[in-house]
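Protein chains: 2
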Amino acid sequence: MQIVKDYGPITGESIAEKLNLTRATLRPDLAILTMAGYLEARPRVGYFYTGKTGTQLFADKIKKLKVEDYQSIPVVVNENVSVYDAIVTMFLEDVGTLFVVDEESLLAGVLSRKDLLRASIGKQELTAIPVNIIMTRMPNIAVCYKDDPLIEVAERLIEKQIDAMPVVRKTEKGYEVIGRITKTNMTKAFVSLAKDDV
Amino acid sequence: MQIVKDYGPITGESIAEKLNLTRATLRPDLAILTMAGYLEARPRVGYFYTGKTGTQLFADKIKKLKVEDYQSIPVVVNENVSVYDAIVTMFLEDVGTLFVVDEESLLAGVLSRKDLLRASIGKQELTAIPVNIIMTRMPNIAVCYKDDPLIEVAERLIEKQIDAMPVVRKTEKGYEVIGRITKTNMTKAFVSLAKDDV
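Respectively, the protein sequence lines represent chains G and E. Numbered per UniProt numbering, the first sequence finishes at 198, counting up by one with no gaps. Numbered per UniProt numbering, the second sequence finishes at 198, counting up by one with no gaps.
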């Protein structure tokens with residue numbers, strides 16, 4: 001690594017010469033350093049030093065985690081169900097956020113525990129109010145895609161102070177809900193990093 | 001590193017000899033490899049190879065994060081306040097979990113949004129029920145300490161399916177609540193890892 005730092009870009013042959021080693025002896029070491037990301041190899045140019053520390057390389061690895069690696073199954077309700085039924089669904093399914101869909105099964109709104117709690121201390125009869133009166137609706141819904149970097153979605157959850165986001169697929173008519181990503185999923189990702197599980 | 005792998009434990013002097021280098025030339029390299037955790041140095045024994053990869057070393061680093069590095073300020077209510085007032089406090093303070101304390105300011109219970117939502121769809125008058133009727137109470141409360149490894153608390157939040165835990169100080173009479181650790185804090189820790197911020 002010191003030789004590559006000092007003389008890079010440098011060919012494997014020249015490195016071997018400086019170390020008084022054969023190219024063949026050196027090859028596995030160069031392969032490991034390249035795989036680990038400390039060195040980069042370019043055809044017809046040679047090896048150069050990436051300048052990355054072990055920690056930076058690990059940060060790069062975290063950035064490669066995708067939403068689809070950690071997402072959960074979404075729980076949806078129709079926009080005409082009552083607030084009372086939505087609360088019951090939330091308890092039965094044991095989730096913190098429900099997604100509301102229209103008659104074409106496209107994303108129409110989001111209901112958090114906070115939204116439902118706010119409605120429940122109001123004076124209205126919960127069985128008489130449809131969820132589309134109290135839900136957060138498009139275009140005010142933060143959505144994400146299964147290929148999004150997990151870490152970016154984590155940052156958006158924090159920034160927007162929300163617990164969950166629908167994972168969607170864009171169609172001509174609107175968004176189909178294909179998943180749910182929450183702070184619980186982020187906590188699991190954090191744990192799996194420490195277990196060297198990613 | 002290959003020399004230490006093959007011959008360790010081995011003194012710096014012997015390594016230098018094998019490389020045809022002076023001890024002085026080698027010293028900074030050995031210092032870096034030791035600091036990074038790849039090698040370990042024992043007085044009067046020499047260097048040996050720890051067998052840890054960059055990823056394992058990063059996992060070790062995560063395991064050193066403490067609760068106190070990420071905890072938030074706790075929001076507490078007295079055990080005699082009504083469920084209605086607790087809900088209002090939850091909205092005013094914008095938290096997902098309240099801690100309930102007794103007349104000596106010791107931890108008596110925990111109130112999640114889920115607990116409050118469940119109570120709010122009941123038939124009772126929310127201003128007439130004290131929180132100690134519906135709260136999760138000692139000894140069923142999961143608590144943690146400011147020196148606990150963050151990652152262990154993250155695992156317990158997932159295992160117990162709760163959003164938050166009180167950070168406590170143990171006294172002769174009971175637990176004083178000194179902090180709050182939540183899945184939001186865990187999400188922030190996850191983000192800070194990717195930013196190489198720990």
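We put the beta carbon where it would ideally sit given N, CA and C, even for glycine.
Fill in: Interface flag, Met186(G) vs chain E, CB-CB below 8 Å
Start at 1 with the first residue of the first sequence, and residue 186(G) comes out as number 186. Yes - at least one Cβ of chain E is within 8 Å of the one on Met186(G).
Worksheet item: Which value, in whole angstroms, describes the spacing of the CA atoms of Glu152(E) and Lys66(E)?
Response: If you number the second sequence from 1, residue 152(E) lands on position 152. If you number the second sequence from 1, residue 66(E) lands on position 66. Their backbone Cα atoms lie some 9 Å apart in a straight line.
Item to complete: Rounded to whole angstroms, what's the CA-CA distance from Asp6(G) to Phe48(G)? Just pull it up for me.
Response: For the purposes of this step, residue 6(G) is taken as residue 6 along the first sequence, with counting starting at 1. For the purposes of this step, residue 48(G) is taken as residue 48 along the first sequence, with counting starting at 1. Rounded to whole angstroms, the separation of the alpha carbons of Phe48(G) and Asp6(G) is 9 Å.
Worksheet item: Met90(G) by DSSP, collapsed to three states: which one?
Response: Counted from its first residue, the first sequence places residue 90(G) at position 90. In the structure shown, Met90(G) sits in a helix (DSSP, three-state: H, G or I).
Item to complete: Within 10 angstroms of the Cβ of Ser120(E), are there 16 or more other Cβ atoms? Answer buried if so, exposed if not.
Response: By 1-based counting over the second sequence, the position of residue 120(E) is 120. Burial call: buried.
Practice prompt. To the nearest angstrom, report how far apart Tyr84(E) and Ala194(E) are at their CA atoms.
Written response: The sequence position of residue 84(E) within the second sequence is 84, counting from 1. The sequence position of residue 194(E) within the second sequence is 194, counting from 1. For Tyr84(E) and Ala194(E), the distance between alpha carbons rounds to 41 Å.
Discussion item. On a Cα-Cα basis, can you pick out the residue from Thr11(G), Lys52(G), Gly37(G), Tyr38(G) that is closest to Leu26(G)?
Written reply: Sequence index remark: in the first sequence, residue 26(G) carries index 26 (1-based). Leu26(G) has its Cα closest to that of Thr11(G), out of Thr11(G), Lys52(G), Gly37(G), Tyr38(G).
Discussion item. So, at 6 Å on beta carbons, what are the nonlocal neighbours of Val179(E) in its own chain, with the 5 sequence-adjacent residues on each side left out?
Written reply: Counted from its first residue, the second sequence places residue 179(E) at position 179. This sequence places Gly at residue 179(E); Val is not what is there. Cβ neighbours of Gly179(E) beyond the five flanking positions: Gln71, Pro74, Val167.
Worksheet item: Which residues, taken in chain order from the segment 102-133 of chain E, show a beta carbon closer than 8 Å to some beta carbon of chain C?
Response: The structure shown contains no chain C; its protein chains are G and E.
Worksheet item: Quick one: does Phe58(G) have its CB under 8 Å from some CB of chain E?
Response: Position 58 of the first sequence, counted from the first residue, corresponds to residue 58(G). Nearest CB-CB separation between Phe58(G) and chain E: below the 8 Å threshold.
Worksheet item: Under 9 Å Cβ-Cβ, which residues of chain G neighbour Phe190(E)?
Response: Mapped onto the second sequence, residue 190(E) falls at position 190. For Phe190(E), the neighbours in chain G by C-beta distance under 9 Å run, in chain order, Ile62, Leu150, Ile151, Ala154, Met186, Thr187, Ala189, Phe190, Leu193.
Worksheet item: In chain E, which residues lie with their C-beta within 9 Å of the C-beta of Lys183(G)?
Response: Taking the first sequence and counting its residues from 1, the one referred to as residue 183(G) is at position 183. The answer, in chain order, is Asp163, Thr182, Lys183, Thr184, Met186, Thr187.
Worksheet item: Is it true that the CB of Leu111(E) sits closer than 8 Å to the CB of Val76(E)?
Response: For the purposes of this step, residue 76(E) is taken as residue 76 along the second sequence, with counting starting at 1. For the purposes of this step, residue 111(E) is taken as residue 111 along the second sequence, with counting starting at 1. In this structure, the beta-carbon distance from Val76(E) to Leu111(E) does not fall below 8 Å.
Discussion item. Below 8 Å on the Cβ atoms is my contact criterion, and I expect Ala96(E) with Ala164(E) to pass it. Report the Cβ-Cβ distance as a whole number of Å.
Written reply: Position 96 of the second sequence holds residue 96(E). Position 164 of the second sequence holds residue 164(E). At residue 96(E) the sequence reads Gly, which differs from the Ala that was named. Yes, Gly96(E) and Ala164(E) are in contact; Cβ-Cβ is about 6 Å, under 8 Å.
Worksheet entry | Local conformation of Tyr70(E) per DSSP, three classes | Mapped onto the second sequence, residue 70(E) falls at position 70. Correct three-state label for Tyr70(E): coil.
Worksheet entry | Extent of the continuous beta strand (DSSP E) run through Asn78(G) | As a first step, residue 78(G) must be located in the first sequence, where it is residue number 78. It spans 76-78 - the beta strand (DSSP E) in which Asn78(G) sits, taken as one unbroken run.
Item to complete: Return the residues of the segment 18-42 of chain G that lie within a Cβ-Cβ distance of less than 7 Å from chain E, sorted by chain order.
Response: Result list: Ala36.
Worksheet item: Taking Met135(E) as the reference, which of Leu107(E), Tyr145(E), Asp147(E), Arg23(E) has the closest Cα?
Response: Working through the second sequence from its first residue, we reach residue 135(E) at position 135. It is Leu107(E) whose Cα lies nearest to the Cα of Met135(E).
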